[in-house]
Amino acid sequence: QLHGEPIYYTTRCILHVSTSLLAPGFYNISVTMYPIVTNDETSIQYGTTYSHTLILENPSGVQNDCPRQVEEGSQVNCTCKTTRQETRGVSVSWFDTNGQMVNPDQPHVLIFRAKRNSQG
């Protein structure tokens, strides 16, 4: 039996899934959070469920304006953009070979100084 005012708690549930592990498609994500009331699986009736559909698509309509040839020592500016009609929720970014975003302030812009390849 409870006496006095009930105590409320705030919590959050975070799910991290590497998108590199997922193939393009529709993913239905359902999370149920519940308190331990009965100390068995019937406690789930006191919980709440959140569902979300995630849609992963292969990039399409992505273009860049990088020159095909550059002179050594020159500054190169490249812009990545999409030609898709629907751009809500679409972002384009440049990443280095370690998977880090190259220019977080302007992720669609790549600026570098051309150097000779050490293997060439």
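Numbering (the numbering used here), first residue to last: 1480 to 1599. Cβ coordinates follow ideal geometry from the N, Cα and C atoms, glycine included.
Just how far apart, CA to CA, sit residue i and residue j?
| i | j | result |
| --- | --- | --- |
| GLY1599 | ASN1507 | Caution is warranted here: a pLDDT of 49 is assigned to GLY1599, below 50, making its placement in the model unreliable, and no coordinate value can be reported. |
| THR1511 | TYR1529 | 6 Å |
| ILE1486 | GLU1520 | 23 Å |
| ILE1493 | THR1532 | 16 Å |
| ILE1590 | ILE1523 | 53 Å |
| GLY1526 | ASN1518 | 13 Å |
Helix, strand or coil for residue i per DSSP?
| i | result |
| --- | --- |
| LEU1501 | coil |
| ILE1493 | coil |
Let me check understanding here. Comparing Cα to Cα, which of the options lies closest to residue i?
| i | options | result |
| --- | --- | --- |
| THR1489 | GLN1585, LYS1560, ILE1534, PRO1514 | PRO1514 |
For residue i versus residue j, is the C-beta spacing smaller than 8 Å?
| i | j | result |
| --- | --- | --- |
| PRO1559 | VAL1549 | The sequence given here places Cys at residue 1559; Pro does not occur at that position. Against a cut-off of 8 Å, the Cβ pair of VAL1549 and CYS1559 comes out as no contact. |
| GLN1554 | ARG1592 | yes |
Return the Cβ separation of residue i and residue j in integer angstroms, given the expectation that the two are a contact with Cβ distance under 8 Å.
| i | j | result |
| --- | --- | --- |
| ARG1595 | GLU1551 | 5 Å |
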